[in-house]
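In what follows, a structure is listed as structure tokens, so that the remarks can point back to it.
Protein chains in written order, with the numbering used here: chain A, 1 to 199; chain B, 200 to 427.
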């Protein structure tokens, strides 16, 4: 039901892992992805990621939906890498991107936003020393995740409005109202946050 | 009931903007207070005065003696606010997390907090939707979520700015029933005049002025006269 990587409730072992552990693994895989090379290694790594989706009870369709929106970008990158550095580099780069997107989405699909926020606040605690409020960083993360479906909703509304008026969609006629709507929403949300005691 | 005093308040947004409120003075202490008026009459601005979201250009607003200009934070702790568009105040991506967000700075132990969150979900008909993504709720459910999240922090006064304007009749009625069942003092801005039946007092705004302050039937009569 969601291609946005939003939390799907469950009680699999992956759901129950602490958010900090999942984020740490994600970072470690990200760093070590520099060393995942060759079709065999890539295939094994992606297969493990897909197996983790099954362990989490999410199914392969949902896994595919996390990567599908990237298809054109991935195609472009693959073509460019093939042209510039050969097919094996194309497989490596695209494979690693797919792997990391799958794993990152797996983290957000199996972890409540509040758990991610709490972890981020804990990790950012030392930044207090340089005057940063970790709670603010956590709030920004939560608002960012919450903004994804809202802005997606705006873009659907604008498309409908354009179609209703019989306009063909030019990028500018789409972007301008989307930005204006998003900024207005930001204002309203600012009031909402103040009213809920954040100021 | 908290005592709200609005003392010769005028307000304009920025130097270029016209006056949205002109010399309004009123003292409110009733249990149910309604506010009606046309678009641009200043009623939304008036509602925002009561929790210090808007600090007036001139004049003074106090809630139980606390000034909204200098003690805004304390005022907002006592005054809960519901917006027309609940998306403006839903902060977290799932229902339970959003209600719990209101308690983040309370000193209750974790288990007690969780219990209060479940009670609030139950009370506002959101039980079973705890893990539901907030953006997939219906309009009525979103407004219920906003209400649950506001009332869980136990404000003394609830200000609502057209909470049913975006809702269909069924959802409006449901929100109306929920409001009627609250023990809290309520200030309700609305275009749905039938929601004001049984209210103690209704204020009518027109072009930034408080033009009528009476019992509901008399005030609504005056409001309807203004339209002709």
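From the three backbone atoms N, C-alpha and C, an ideal C-beta is built for every residue, glycine too.
Being a predicted model, the structure only gives us computed values, none of them experimental.
For residue 305 of chain B, the CB contacts under 8 Å within the same chain, skipping 5 residues up- and downstream, are 312, 352 in chain order. Look at residue 268 of chain B here: in three-state DSSP terms it is coil, with no helix or strand label.
When B:390, B:282, B:357 are compared, the shortest CA-CA separation from residue 338 of chain B is found for B:282. Taken in chain order, the whole beta strand (DSSP E) runs of length 3 or more contained in the segment 203–250 of chain B are 203–211, 218–227, 231–236. Relative to residue 334 of chain B, the option among A:78, A:137, A:149 whose CA is nearest is A:149. At a beta-carbon threshold of 8 Å, the residues of chain A lying near residue 332 of chain B are 2, 6, 7, 149, ordered along the chain. For residue 426 of chain B, DSSP assigns no beta-bridge partner whatsoever.
Taking every protein chain shown into account, the CB of residue 422 of chain B has 16 or more other CB atoms within 10 angstroms, so this residue is buried. Out of A:120, A:108, A:113, the CA that lies nearest to the CA of residue 295 of chain B is found in A:113. Here residue 139 of chain A is buried. Its C-beta has 16 or more other C-beta atoms within 10 Å. Between residue 262 of chain B and residue 274 of chain B, the CB-CB gap stays under 7 Å.
Among the residues of the segment 240–251 of chain B, those with a Cβ less than 7 Å away from any Cβ of chain A are 250, in the order of the chain. Annotation for residue 412 of chain B: 402 place their beta carbon closer than 6 Å to its own, counting only its chain and skipping 5 residues before and after. Per DSSP, residue 363 of chain B has no beta-bridge partner at all. DSSP places residue 261 of chain B in the strand class (E or B) of the three-state scheme.
Residues of the segment 124–158 of chain A with a Cβ closer than 9 Å to any Cβ of chain B, in chain order: 135, 139, 142, 143, 145, 146, 148, 149, 150, 152, 153. Cβ contact annotation for residue 63 of chain A (same chain, cutoff 7 Å, sequence separation greater than five): 50, 53, 102, in chain order.
Using a Cβ-Cβ cut-off of 7 Å, residue 287 of chain B counts as an interface residue toward chain A, since at least one Cβ of chain A sits closer than that to its own. If you look at residue 118 of chain A, you'll find it isn't in any beta strand (DSSP E); it sits in the alpha helix (DSSP H) that goes 113–123.
Burial check for residue 354 of chain B: the Cβ neighbour count within 10 Å reaches 16 or more, so the residue is buried. At least one CB of chain B lies nearer than 7 Å to the CB of residue 197 of chain A. If you draw a 10 Å sphere on the C-beta of residue 208 of chain B, you find 16 or more other C-beta atoms in it, and that means buried.
Taking 7 Å as the threshold, the shortest C-beta distance from residue 79 of chain A to chain B does not fall below it.
In summary, no residue of the segment 391–418 of chain B has a CB separated from any CB of chain A by less than 7 Å. Proximity of residue 275 of chain B to chain A, defined by a Cβ-Cβ separation below 7 Å, is satisfied. A contact is defined here as three or more CB-CB pairs under 8 Å, and the segment 219–227 of chain B fails this definition with respect to the segment 177–194 of chain A. With contact defined as three or more Cβ pairs closer than 8 Å, the segment 164–175 of chain A and the segment 356–368 of chain B are not in contact. For the options B:303, B:407, B:392, the alpha carbon positioned closest to that of residue 418 of chain B is the one of B:392. The shortest CA-to-CA distance from residue 99 of chain A to any of A:183, A:129, A:37, A:85 is the one to A:37. DSSP places residue 279 of chain B within a strand segment (E or B) once states are collapsed to three.
C-alpha of residue 78 of chain A to C-alpha of residue 42 of chain A: approximately 15 Å in a straight line.
Residue pairing by DSSP places residue 293 of chain B opposite B:332 in a beta bridge. For residue 300 of chain B, the CB contacts under 8 Å within the same chain, skipping 5 residues up- and downstream, are 290, 291, 348 in chain order. The residue among B:385, B:284, B:318, B:319 with its C-alpha nearest the C-alpha of residue 184 of chain A is B:284.
For residue 409 of chain B, DSSP records a beta bridge to B:404. Counting along the chain, no alpha helix (DSSP H) covers residue 384 of chain B; the unbroken beta strand (DSSP E) around it starts and ends at 384–388.
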